[in-house]
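*Asks:*
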Amino acid sequence: AVRAALGEEFGFPPGTLVTGKMVYALRELGFDYVFDTDFAADLTIMEEGSEILNRLTRYLNGDKSVRLPILTSCCPAWVNFFEHHFPDMLDIPSTARSPQQMFGSIAKSYWAEKMGIPREKLVVVSIMPCLAKKYECARDEFKVNGIPDVDYSISTRELARLIKRANIGFPLVLDSPFDNPMGESTGAGVIFGTTGGVMEAALRSVYEIYTGESLKNVNFEQVRGLNGVRRATINLNGFELKVGIAHGLGNARHLLEDIRNGHNEYHVIEIMACPGGCIGGGGQPLHHGNSEILYARANALYREDANKPLRKSHENPYIKTLYEEYLGKPLGEISETLLHTHYFNKSMD
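Here the sequence shown is numbered in my numbering, starting from 14 and rising by one per residue.
1) What span of residues does the alpha helix (DSSP H) with VAL92 cover, start to end?
2) Does the beta-carbon of ASP104 have 16 or more other beta-carbons within 10 angstroms, so that it is buried, or is it exposed?
3) Under 8 Å by Cβ, that's how I've got PRO298 and ARG170 pegged, so tell me the actual separation to the nearest angstrom.
4) Is ALA125 near the ligand GDP, judged by its Cβ being under 7 Å from some heavy atom?
5) Select from LEU228, VAL186, ASN67, LYS34 the residue whose C-alpha is nearest the C-alpha of SER78.
6) Mind the definition here: the region 346-357 touches the region 237-245 only if three or more C-beta pairs lie below 8 Å; say whether that holds.
7) What did DSSP end up calling LYS229 once you bin it into helix, strand or coil?
8) Using only alpha-carbon positions, find the residue among ALA38, MET212, HIS267 that is nearest to LEU254.
9) Can you check DSSP and say which residues form a bridge with ARG243?
10) For HIS280, which residues does DSSP report across the bridge?
11) I need the straight-line Cα distance from HIS98 to SER360, nearest angstrom please.
12) Please report how far the alpha carbon of GLY293 lies from the alpha carbon of GLY75, in whole angstroms.
13) Starting from the C-beta of GLY295, find all residues in its chain whose C-beta is less than 7 Å away, skip the five residues before and the five after it, and write them out in chain order.
14) Flag this pair as yes or no: are the beta carbons of THR108 and SER139 separated by less than 8 Å?
15) Could you tell me if LEU355 is buried or exposed, where buried requires 16 or more neighbouring beta carbons within 10 angstroms of its beta carbon?
16) Could you name each continuous beta strand (DSSP E) segment of 3 residues or more that falls completely within the region 141-170, going from the start of the chain to the end?
17) Please classify LEU335: does DSSP put it in a helix, a strand, or coil?
18) Taking the beta carbon of PRO190 as the centre, do at least 16 other beta carbons fall within 10 Å, making it buried, or is it exposed?
19) Is the beta carbon of GLN114 closer than 8 Å to that of VAL163?
20) Beta-carbon within less than 6 Å of GLU22's beta-carbon, same chain only, minus the 5 sequence neighbours each way: which residues are those?
21) What residues in its chain sit with their C-beta under 8 Å from that of ALA151, if we drop five residues either side in the sequence?
22) If you follow the alpha helix (DSSP H) that ASN312 is part of, which residue opens it and which one closes it?
23) Between ARG237, LEU340, LEU84, which has its C-alpha nearest TYR279's C-alpha?
24) Pull up the CB-CB distance for LEU249 and TYR220, whole angstroms please, since I reckon it's below 8 Å.
25) Measuring only the C-alpha atoms, how far is ASN93 from ILE119?
26) Cβ atoms of PHE116 and MET59: under 8 Å apart, would you say?
27) Using a Cβ-Cβ cutoff of less than 7 Å, which residues in the same chain neighbour TYR165 once the five nearest sequence positions on both sides are dropped?
28) Can you name, in chain order, every residue of its own chain whose Cβ lies under 8 Å from the Cβ of ARG132, other than the five neighbours on each side?
29) Please report the residue range of the alpha helix (DSSP H) in which ASN67 lies.
30) ALA54 and GLY200: beta carbons closer than 8 Å?
Have a look at this one:
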């Protein structure tokens, strides 16, 4: 979402992708390595998608202990909301960490070990469209011996101010690539930034793993758009998977109250707190409610997705290597420790 909006701070039209310029500017600001959160979005899909499949399989096999729907958990404002207002439903959301927190955890374990850098010597700074990410990276469960997985989170607008203060001629700089092994992403990772994108990314992997068949058309148009609440039914070899998408906490509250009252028609629900998802995040260039700007940002992400050689998270070669070399498997013991979390009752009652 940052790459589709940062340019607006420098006179580019909404929806202009400035990924390479952003990476160049970050290097000029003094960062030794610049990685892509979209890599961690692919990793999130591996874990969250596996969790969806695990719960669905148990549910279809008659396991009465399984609670559905499973809710996405990558939006920290949404997580904070349900911890405060729906503490009786803390077992419904996915336990998968957000891409930001998965990245920090992997950077300070797998990558730090490969590079021979002590954890305490590594500083991880995330560039996010979201102000709630600042709160998220400070949560105690995302620290090891008091050292946070992500040390600082700055917003898109804050990055723009840093670039301007450093007198970097952003419109004129050359494109620079991300570093690897955490700089490669698929189209599925890219679309995380727009409402419906997490669901679509998950469906691409869930479909292939559940059915064992290759997904020819990876575009799930039925989950796209900016309507506040959207519903779709996806055919998985005869099983009708019912999914819901909501953005805006008012819409989320209505969905959750329906579930609490026993009126659930979904297996999986994606919820984002901000209008349009992360593209409309509180740390983005101000859009003042202009839906045309949100559409332009979303379309930029869909364009990048369409141009990616790989468009399913489980096809990312660096993700495959990460599991082979370090994690073992999705939902495995190491993955559960590094990539999953738990939730707390924060209600005042």
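The beta-carbon is built from N, C-alpha and C at its ideal position, and this holds for glycine as well.
*Replies:* Checking against the coordinates, here is how it stands:
1) Numbered from its first residue, the sequence shown carries residue 92 at position 79. Its alpha helix (DSSP H) spans residues 89-98.
2) Position 91 of the sequence shown, counting from 1, holds the residue named residue 104. Classification of ASP104: exposed, given that the 10 Å Cβ count is below 16.
3) Here residue 298 is taken as the residue at index 285 of the sequence shown, counted from 1. Here residue 170 is taken as the residue at index 157 of the sequence shown, counted from 1. The pair is a contact, with the Cβ atoms about 6 Å apart (cut-off 8 Å).
4) Because no ligand of any kind appears in the structure shown, any question about the ligand GDP cannot be addressed here.
5) By one-based count along the sequence shown, residue 78 stands at place 65. Answer by Cα proximity: ASN67.
6) no
7) Counting from 1 along the sequence shown, the entry for residue 229 is found at position 216. LYS229: coil per DSSP, three-state reduction.
8) In the sequence shown, the residue the question calls residue 254 occupies position 241. Comparing Cα positions, the closest option is MET212.
9) Looking up residue 243 in the sequence shown gives position 230. BP columns for ARG243 point to ILE258.
10) On the sequence shown, position 267 is the one that residue 280 refers to. Answer is none; HIS280 lacks a bridge partner.
11) Position 85 of the sequence shown, counted from the start, is the residue given in the question as residue 98. Position 347 of the sequence shown, counted from the start, is the residue given in the question as residue 360. Going by the C-alpha atoms only, they are around 6 Å apart.
12) The residue given as residue 293 occupies position 280 in the sequence shown. The residue given as residue 75 occupies position 62 in the sequence shown. Roughly 40 Å between the two C-alpha positions.
13) Position 282 of the sequence shown, counted from the first residue, corresponds to residue 295. Closer than 7 Å at Cβ, skipping near neighbours: CYS143, LEU144, CYS287.
14) The sequence position of residue 108 within the sequence shown is 95, counting from 1. The sequence position of residue 139 within the sequence shown is 126, counting from 1. No, the Cβ-Cβ distance between THR108 and SER139 is not below 8 Å.
15) Along the sequence shown, one-based indexing puts residue 355 at 342. Here the sequence assigns His to residue 355, which means Leu is not the residue at that position. Exposed is the call here.
16) 165-168
17) On the sequence shown, position 322 is the one that residue 335 refers to. The answer is helix: DSSP assigns LEU335 an H, G or I state.
18) As a working mapping, residue 190 is identified with position 177 in the sequence shown. Exposed, since its Cβ has fewer than 16 Cβ neighbours within 10 Å.
19) Within the sequence shown, numbered from 1, the residue matching residue 163 stands at position 150. Within the sequence shown, numbered from 1, the residue matching residue 114 stands at position 101. Yes; because the gap between Cβ atoms is below 8 Å, this pair is in contact.
20) In the sequence shown, counting from the first residue as 1, residue 22 sits at position 9. Closer than 6 Å at Cβ, skipping near neighbours: ALA173, PRO298.
21) Taking the first residue of the sequence shown as 1, we reach residue 151 at position 138. Only PRO161 meet the Cβ criterion.
22) Here residue 312 refers to the residue found at position 299 of the sequence shown. Looking at the DSSP string, the run of the alpha helix (DSSP H) that includes ASN312 is 304-320.
23) The sequence position of residue 279 within the sequence shown is 266, counting from 1. Out of ARG237, LEU340, LEU84, LEU84 has the C-alpha closest to the C-alpha of TYR279.
24) Locating residue 249 in the sequence shown gives position 236, counting from the first residue. Locating residue 220 in the sequence shown gives position 207, counting from the first residue. The beta-carbon distance between LEU249 and TYR220, rounded to whole angstroms, is 6 Å. This is short enough to meet the 8 Å contact definition.
25) Position 80 of the sequence shown, counted from the first residue, corresponds to residue 93. Position 106 of the sequence shown, counted from the first residue, corresponds to residue 119. Computed Cα separation, rounded: 23 Å.
26) Along the sequence shown, one-based indexing puts residue 59 at 46. Along the sequence shown, one-based indexing puts residue 116 at 103. Cβ distance not < 8 Å, so MET59 and PHE116 don't count as in contact.
27) To locate residue 165, count along the sequence shown from 1; it is residue 152. Closer than 7 Å at Cβ, skipping near neighbours: VAL138.
28) Taking the sequence shown and counting its residues from 1, the one referred to as residue 132 is at position 119. Taken in chain order, the residues that qualify are LYS121, SER122, ALA125, VAL157, ILE160.
29) Locating residue 67 in the sequence shown gives position 54, where the first residue counts as 1. Residues 50-73.
30) Stepping through the sequence shown from its first residue, residue 54 is reached at position 41. Stepping through the sequence shown from its first residue, residue 200 is reached at position 187. Cβ distance not < 8 Å, so ALA54 and GLY200 don't count as in contact.
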